[in-house]
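Comments concern the structure below.
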Amino acid sequence: MIDLRRLRDEEGYRQAAIAKGIDAAHIDRVLKLDEAARKSRTETEALRAESNVASKDIGRAAPEEREAKIAAAGELKQRLGAAEAELSTVEDELNGAALVVPNPAHESVPIGDEDDYRVETVVGEQIPAPALDHGAIGEKLGLVDTERAVRMSGSRFAYVMGDAVRLQFALVQYALAKVSAHGFIPVVTPVLVREEMMELAGFFPTDRNQVYALEADELYLIGTSEVALAGMHRGERLEGDQLPVRYAGYSSCFRREAGTYGKDTTGLFRVHQFDKVEMFVYCHPDRSWEELELLREIQEDIVSGLELPYRVITVASGDLGAPAAKKYDLEVWLPSEQRYREVTSCSNYTDFSARRMNTRIKTDDGNVLAHTLNGTACAIGRTLLYIFENHQQGDGTINVPEALRPYCGLDVIGAAEAS
RNA sequence: GGAGAGAUGGCAGAGUGGACGAUUGCGUCGGUCUUGAAAACCGUUGAGCCCUCACGGGUUCCGGGGGUUCGAAUCCCCCUCUCUCCGCCA
């Protein structure tokens, strides 16, 4: 949710919202509605004050005076009712209009669309395509079975098997160790949440068709543990001296992937269900830009520790999504496609999400809205597939990155099958 | 799944239609006393929004949403959650 006060007072804030792709005319409409709502609120409250005084007076009045006073108060109530009705109409309209205004982009974000990103760093070698792409080698080495999974559950499901499972849990342990070093508290979150949480976390109504619904129970499967972590401190006031609070959520994630027919149909790249370690930070507004850089550093550390070639880009304003003021994508080189593809991303939501969640911080100068950030620590399935390709060796085996060996006891995968 | 009880400020816990944003206790913060501390005593102590340069004023909030009434923490309806007992279960 946007800060209406800043939207009307700060031209830069307004311009930065427009950079995200919202119509300037829409913002003007929001501001007009805001002004109308404030005027109506002032009038309504004045009437209510009058009405409150009248009611209290009845309580004090002598019995013989009551009749007349009640009649007078009743008339006041009529006027108040009309004013309240008008106010609630304007407020509903305002809320509806304000809800679609995106969080303004930070000044360091390049203006533009999907292709206008800025490359920040490039690390590692862009290796040539391996003998087998991740889907093929997964099937060949008995690590991934999509054919049987399709019979079981439909397309975009997979059985992950054998050493891939060992690697999966090694990745979880590895990622948790990395984030724990920075004070992240591990959390296993609920994967089912109420509709209200989906709305407050900003996924409804916009991404409703991406979310699985359990209609009988009116519960929804989360697409990321971000939903559950963003809701953790709903309506709370956090102690300033305990911040920043950093959580590492681990959960399965569920996505309908509506509208992606024919895209990334092989292997684990785009599936309906995958596991993920997600970072989520609550912090003081003064600190959030530092925290964003920390998230990015951790992400680079995790990926480079797995010896994967990657680059980091700053996503352009038009491709940010409504809540993010700035977003980095970390993309790993996918040799079979000879291009970089996303593995993690991290965003600063500033106070956009906290305003809706009503998560505040106690400070000496009163309470302020928290800033929230989120970023992937490790998307397990995708990371597995980048390992399958980038660490595939000439003999058809997969070399296990040093960093994972202590967690799974494997040096190489597929030696028996390949020979 | 069945039956019952409940949800009030940081916490505990009063309050069943009119001076209640709410008795009291603990905790908080400030002060008195003390070499210092404790104890004791005195005082202080919720949040959101609107108006105002400010001082200040108004309004809303007693789990959430609706309703009755001139007036609701209090009465009515719906929802959510918690506890106790029974059933089931990893």
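Quick note on numbering: the first sequence equals residues 7 to 425 in the numbering used here.
The beta-carbon is built from N, C-alpha and C at its ideal position, and this holds for glycine as well.
Here the structure is a predicted model, which means the values were calculated and not measured.
### Message
Can you look up P250 in the DSSP assignment and give me helix, strand or coil?
### Response
By 1-based counting over the first sequence, the position of residue 250 is 244. Annotated three-state conformation of P250 is coil, per DSSP.
### Task
State the Cα-Cα distance for the pair G118 and S323, rounded to the nearest angstrom.
As a first step, residue 118 must be located in the first sequence, where it is residue number 112. As a first step, residue 323 must be located in the first sequence, where it is residue number 317. Rounded to the nearest angstrom, the gap between the Cα atoms of G118 and S323 is 6 Å.
### Message
Within 10 Å of its beta-carbon, does T127 have 16 or more other beta-carbons around it, so buried, or fewer, so exposed?
### Response
Along the first sequence, one-based indexing puts residue 127 at 121. It counts as exposed.
### Query
Could you give the distance in angstroms between the alpha-carbon of E234 and the alpha-carbon of A176?
Position 228 of the first sequence, counted from the first residue, corresponds to residue 234. Position 170 of the first sequence, counted from the first residue, corresponds to residue 176. One detail in the question is off: residue 234 reads as Ala in this sequence, not Glu. CA-CA distance, A234 to A176, rounds to 24 Å.
### Task
Return helix, strand or coil for D462, following the three-state DSSP convention.
In the structure as shown, the chain begins at 7 and stops at 425. Residue 462 is therefore absent and cannot be evaluated.
### Task
Can you check the segment 137 to 208 for any beta strand (DSSP E) of at least 3 residues that lies completely inside it and give the ranges in chain order?
The segment 137 to 208 contains these whole beta strand (DSSP E) runs: 191 to 194 and 198 to 200.
### Query
Under 8 Å, do T350 and Q279 count as touching if we go by C-beta distance?
Working through the first sequence from its first residue, we reach residue 350 at position 344. Working through the first sequence from its first residue, we reach residue 279 at position 273. With contacts defined by Cβ atoms closer than 8 Å, T350 and Q279 do not form a contacting pair.
### Task
Indicate the three-state DSSP secondary structure (helix, strand or coil) for Q399 in the structure shown.
Sequence index remark: in the first sequence, residue 399 carries index 393 (1-based). DSSP, read as helix, strand or coil, puts Q399 in coil.
### Query
For the putative contact between L227 and V197, defined by C-beta atoms under 8 Å, what is the C-beta separation to the nearest angstrom?
In the first sequence, the residue the question calls residue 227 occupies position 221. In the first sequence, the residue the question calls residue 197 occupies position 191. Their Cβ separation, rounded to whole angstroms, is 6 Å, which keeps L227 and V197 in contact under 8 Å.
### Query
Over what stretch of residues does the beta strand (DSSP E) that includes L244 continue unbroken?
Counted from its first residue, the first sequence places residue 244 at position 238. DSSP places L244 inside the beta strand (DSSP E), whose first and last residues are R243 to E245.
### Message
For C384 and T369, what's the separation of their Cα atoms in angstroms?
### Response
As a first step, residue 384 is located in the first sequence; it is residue number 378 there, counting from the start. As a first step, residue 369 is located in the first sequence; it is residue number 363 there, counting from the start. Straight-line Cα distance between these residues: approximately 34 Å.
### Task
Spatial neighbours of Q179 within its chain, please: CB distance less than 7 Å, with the 5 preceding and 5 following residues excluded, ordered by chain position.
Here residue 179 corresponds to residue number 173 of the first sequence, with the count starting at 1. Y413, listed in sequence order.
### Query
Can the beta-carbon of V318 be found less than 8 Å from the beta-carbon of V338?
Counting from 1 along the first sequence, the entry for residue 318 is found at position 312. Counting from 1 along the first sequence, the entry for residue 338 is found at position 332. In this structure, V338 does not lie closer than 8 Å to V318 by Cβ.
### Those residues which DSSP pairs with Q279 across a bridge
Along the first sequence, one-based indexing puts residue 279 at 273. Paired residues: F260.
### Query
Around the Cβ of K333, are there at least 16 other Cβ atoms within 10 angstroms (buried) or fewer (exposed)?
By one-based count along the first sequence, residue 333 stands at place 327. Answer is buried; the Cβ neighbour count reaches 16.
### Query
Under three-state DSSP, which class holds T48?
Start at 1 with the first residue of the first sequence, and residue 48 comes out as number 42. Per DSSP, reduced to three states, the secondary structure at T48 is helical.
### Query
Under a Cβ-count criterion, where at least 16 other Cβ atoms within 10 Å of its own Cβ denotes burial, should V59 be classed as buried or exposed?
On the first sequence, position 53 is the one that residue 59 refers to. That one is exposed.
### Query
Mind checking whether I8 and A103 have CB atoms under 8 Å apart?
For the purposes of this step, residue 8 is identified with residue 2 of the first sequence, where counting begins at 1. For the purposes of this step, residue 103 is identified with residue 97 of the first sequence, where counting begins at 1. Not in contact: I8 and A103 (Cβ atoms no closer than 8 Å).
#### Entry: Unbroken alpha helix (DSSP H) run spanning R14, endpoints
Here the question's residue 14 lines up with position 8 in the first sequence. Run containing R14: L10 to D15, per the alpha helix (DSSP H) assignment.
### Query
Just curious, the beta strand (DSSP E) that I367 is in, first and last residue?
Residue mapping note: residue 367 aligns to position 361 of the first sequence, counting from 1. First-last of the beta strand (DSSP E) with I367: R366 to T369.
### Task
Helix, strand or coil for T389, going by three-state DSSP, please let me know.
The residue you call residue 389 lines up with position 383 of the first sequence. T389 carries a helical assignment under DSSP once its states are collapsed to helix, strand and coil.
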